[in-house]
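Participant: 13 is the number of the first residue of the sequence shown in this note's numbering; add one for each residue after it.
Quick reminder that beta carbons are idealized off the backbone N, C-alpha and C, glycines included.
Handing you this structure, nothing more for now.
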Amino acid sequence: MSCSTESQKMASGLSSSLAPSGSLWPILAQQTGRYNVSKRVQPSHSIIEPGMFLSSRDLVPKYLPEQWSPHVHPEGQIYFSRSIALRVVTDSYMYTPSIAEKVMYWVPTIEKRAADRGFVLSDSVELYIQIDDEDCNYYLADHATQTIFWLDEYETSELGLLPVVSSSHLKLALEEQYWTHVENHSMHFGGLPTKSINDLILVFSHAIGDHMTSPSSTFPYDVNECQKFLTLLNNSRAHIHEGHITTVVARLWSMITMSRFYTHHGEEQPRLSRDTPILVDNDNDNEIRWTERVISLVTFKSSTTYLKTLNQIWTDHFVYAMDWNPFMAQCIQGWRTTFRSALSILVLHVLLLLLPVSPELLVISAALLFASIATSVLLLYRHEGLETGGAPVAHAYLTGVSSKRFKFQLVALAFSLPNTFYLLGLITFFLHGIFLINGTLSSNLSIGCVAGVAVLVIAFQRATSQNRLPRLRFSQLYLRFLKSKAQENDSIV
């Protein structure tokens with residue numbers, strides 16, 4: 013008796029009134045809600061019978077349909093599989109009779125639909141189903157081609173897949189879903205071939221060399237993580253057929269295929285550097301650009317550094333943890349330093365009360381320093397923990413703060429406010445020194461002191477900054493003077 017015939021007979025045992033009234037729906041392996049809490053349980057005290065778990069005592073079994081068996085994933089999730097003909101796996105709790113009945117109805121229904129459409133389902137194909145009230149969600153996984161598929165035609169947007177540029181690019185997206193399926197159901201089929209782990213070792217070995225020789229490698233893990241994974245994989249080669257190792261290998265392959273999908277691996281135009289965009293940016297045409305110079309000027313160019321880094325990190329709306337975590341850690345450290353510096357200068361204002369200084373300047377500098385402290389505190393509070401959040405947290409954050417009209421300009425402005433207010437407060441604070449010098453020394457000596465400080469500032473700028481101050485020569489000034497005089501004469505004539 014074939015599997016399909018046996019399943020149909022078992023399903024025919026259900027009366028028409030008990031048959032599910034729902035529909036069959038496609039689903040992705042990453043859309044099963046595996047980590048969602050579907051129900052809460054209430055533990056209670058129980059009776060421990062004499063010799064309850066004695067090895068010589070037969071336990072009361074939990075019954076499943078014929079050819080079905082339970083398996084426990086290393087994470088603790090129980091799932092069930094059918095081992096005959098078309099293999100079937102499900103996360104639905106088949107120890108509940110009503111769930112088991114629905115499973116036994118939908119499996120032959122899907123088998124019949126596949127036969128009617130002319131599909132030849134070989135031994136390498138595995139069916140996944142999920143009972144959703146009266147409906148049934150499903151996909152089929154092919155271990156030979158390492159992809160998932162369905163029995164009907166669907167648009168990628170209908171399934172929740174991202175747009176693609178070719179059929180090979182689409183295959184990468186479906187391969188990622190396949191490895192997620194293997195990761196979630198790794199205990200029933202005897203493990204993966206040795207080639208799977210050997211190829212993965214080669215991938216991580218190349219990644220280490222790529223990171224060590226390139227500052228912009230597109231591999232999703234850094235050198236330290238790659239080395240740890242490589243040690244783990246080398247130690248696990250002899251156990252690739254064991255379910256626990258299969259879970260780890262499948263999860264890593266899922267991450268690798270996801271990275272390859274985003275970098276367009278093997279396509280006409282792949283991303284070879286993680287800070288190089290390859291996608292058409294439709295939002296770029298709507299971005300207002302003239303505000304960049306205004307914000308940069310107002311913030312003493314400190315916003316420019318933030319804006320450049322944010323744009324590089326968010327290349328093609330994809331973010332790497334190895335870029336985001338150090339950037340955010342540096343931002344938080346900078347805000348903390350600015351907070352301490354502004355607080356220190358603010359405390360010094362108490363001493364200025366004893367000196368003959370301008371009350372107006374005292375209030376202005378104190379207000380600016382207080383603004384620096386306040387914005388530092390707000391930014392530290394808002395971004396606490398983001399420096400260790402990794403790529404998922406960074407992606408959610410950058411998606412939320414990005415503007416269609418200004419992109420990250422306003423974010424860069426906010427990031428630079430503590431330092432901007434601090435510099436303005438510091439400049440105002442030092443103006444008190446000019447007033448003190450002017451009130452203490454003679455006019456000529458005061459001018460000399462101020463001029464000496466200005467010369468030192470200019471010398472420091474020339475020695476340490478890449479942006480040179482404009483150089484005005486006497487000959488240039490003389491030519492400008494002659495030109496202006498000629499224009500005046502022409503106007504008189």
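Is the CB-CB distance between residue 307 and residue 219 below 9 Å?
Facilitator: Their beta carbons are not under 9 Å apart, which means residue 307 does not touch residue 219 by this criterion.
Participant: So residue 325 packs on residue 336, CB below 8 Å; how close in whole Å?
Facilitator: About 6 Å separates the two Cβ atoms, so the contact holds.
Participant: The beta strand (DSSP E) with residue 38 in it runs from where to where?
Facilitator: From DSSP, the beta strand (DSSP E) with residue 38 extends over 36–38.
Participant: Looking at C-beta atoms only, is the number of pairs between the segment 246–259 and the segment 349–362 that lie closer than 8 Å three or more?
Facilitator: Output reads no: the segment 349–362 does not touch the segment 246–259.
Participant: Classify residue 416 as helix, strand or coil using the three-state DSSP reduction.
Facilitator: Coil, per DSSP.
Participant: Excluding five sequence neighbours on each side, which residues of the same chain lie with their C-beta closer than 6 Å to the C-beta of residue 155?
Facilitator: Answer for residue 155: 136, listed in chain order.
Participant: Give every residue of the same chain whose Cβ lies closer than 8 Å to the Cβ of residue 46, excluding the five residues on either side of it in the sequence, and list them in chain order.
Facilitator: So the qualifying residues of the chain are 89, 103, 196.
Participant: Measuring straight from C-alpha to C-alpha, what distance separates residue 7 and residue 299?
Facilitator: No statement about residue 7 is possible, as the shown extent of the chain runs from 13 to 505 and does not include it.
Participant: What residues in its chain sit with their C-beta under 7 Å from that of residue 268, if we drop five residues either side in the sequence?
Facilitator: Result list for residue 268: 215, in chain order.
Participant: Find the nearest neighbour of residue 79 within the set 266, 56, 200, 133, judged by alpha-carbon distance.
Facilitator: Comparing Cα-Cα distances from residue 79 to each of 266, 56, 200, 133, the minimum goes to 200.
Participant: Measuring alpha carbon to alpha carbon, tell me which of 315, 295, 292 ends up nearest residue 303.
Facilitator: Per the Cα distances, 315.
Participant: Can you tell which of 209, 397, 378 has the C-alpha that lies nearest to the C-alpha of residue 246?
Facilitator: Among 209, 397, 378, the Cα nearest to that of residue 246 is on 209.
Participant: What is the DSSP secondary structure of residue 444, counted as helix, strand or coil?
Facilitator: Here residue 444 sits in helix by DSSP.
Participant: Would you mind listing the beta strand (DSSP E) stretches within the segment 96–124 that are 3+ residues and don't spill past its ends, in chain order?
Facilitator: Entirely contained in the segment 96–124, the beta strand (DSSP E) runs reaching 3 residues are, in chain order, 99–102.
Participant: Could you check where the alpha helix (DSSP H) with residue 321 kicks off and where it finishes?
Facilitator: Segment 314–325, the alpha helix (DSSP H) holding residue 321.
Participant: For the alpha helix (DSSP H) containing residue 352, list its first residue and its last residue.
Facilitator: Here the alpha helix (DSSP H) through residue 352 covers 333–364.
Participant: For residue 270, count the other beta carbons within 10 Å of its own beta carbon; 16 or more makes it buried, fewer makes it exposed. Which is it?
Facilitator: Answer is buried; the Cβ neighbour count reaches 16.
Participant: Rounding to the nearest angstrom, what Cα-Cα distance links residue 287 and residue 329 in this structure?
Facilitator: Those two C-alpha atoms are separated by around 11 Å.
Participant: Which residues mark the beginning and the end of the beta strand (DSSP E) in which residue 140 is found?
Facilitator: 137–144 is the extent of the beta strand (DSSP E) around residue 140.
Participant: Using the DSSP secondary-structure output, state which residues sit across from residue 216 in a beta bridge.
Facilitator: DSSP output for residue 216 lists no bridge partner at all.
Participant: Would you say the segment 430–442 touches the segment 382–397, given that touching needs at least three Cβ pairs under 8 Å?
Facilitator: Yes, the segment 430–442 touches the segment 382–397.
Participant: Buried or exposed for residue 481, please, with buried defined as at least 16 other CB atoms from any protein chain shown within 10 angstroms of its CB.
Facilitator: Because the pLDDT at residue 481 is just 49, under 50, the model does not fix this residue reliably, and the value given afterwards should be weighed accordingly. With fewer than 16 other Cβ atoms within 10 Å, it is exposed.
Participant: Under the three-state reduction of DSSP, which class applies to residue 453: helix, strand or coil?
Facilitator: Any reading at residue 453 must be qualified, since the residue scores a pLDDT of 48, below 50, and its modelled position is unreliable; the value itself is stated next. Residue state, collapsed to three classes: coil.
Participant: Count the other CB atoms within 10 Å of the CB of residue 59; is the residue buried (16 or more) or exposed (fewer)?
Facilitator: With fewer than 16 Cβ atoms within 10 Å of its Cβ, residue 59 is classed as exposed.
Participant: Please identify the residue among 75, 77, 92, 76 whose C-alpha is closest to the C-alpha of residue 83.
Facilitator: The candidate whose alpha carbon is nearest that of residue 83 is 92.
Participant: Which stretch, first to last residue, makes up the beta strand (DSSP E) that contains residue 55?
Facilitator: Note, residue 55: premise wrong, no beta strand (DSSP E); not H, not E.
Participant: Return the bridge partner residues of residue 160 from the DSSP annotation.
Facilitator: Residue 160 pairs with 153.
Participant: Between residue 132 and residue 101, what straight-line distance do the alpha-carbon atoms span, to the nearest angstrom?
Facilitator: Whole-angstrom Cα-Cα distance: 19 Å.
Participant: Among 192, 165, 87, whose alpha-carbon lies nearest the alpha-carbon of residue 43?
Facilitator: The shortest Cα separation from residue 43 among 192, 165, 87 belongs to 192.
Participant: Suppose you measure from the CA of residue 406 to the CA of residue 331; what does that come to, to the nearest Å?
Facilitator: Roughly 7 Å separates the two Cα atoms.
Participant: Is residue 126 near residue 76, with beta carbons less than 9 Å apart?
Facilitator: No; because the gap between Cβ atoms is not below 9 Å, this pair is not in contact.
Participant: Could you tell me whether any non-hydrogen atom of the ligand NAD is closer than 8 Å to the CB of residue 170?
Facilitator: The ligand NAD is not part of the structure shown, which contains no ligands of any sort.
Participant: For the alpha helix (DSSP H) containing residue 248, list its first residue and its last residue.
Facilitator: Segment 235–248, the alpha helix (DSSP H) holding residue 248.
Participant: Relative to the C-alpha of residue 181, which candidate in 202, 98, 159 has its C-alpha closest?
Facilitator: Among 202, 98, 159, the Cα nearest to that of residue 181 belongs to 159.
Participant: Looking at the unbroken beta strand (DSSP E) that takes in residue 91, where does it start and where does it end?
Facilitator: Looking at the DSSP string, the run of the beta strand (DSSP E) that includes residue 91 is 90–94.
Participant: Check this for me: beta carbons of residue 232 and residue 147, under 9 Å apart or not?
Facilitator: No, the Cβ-Cβ distance between residue 232 and residue 147 is not below 9 Å.
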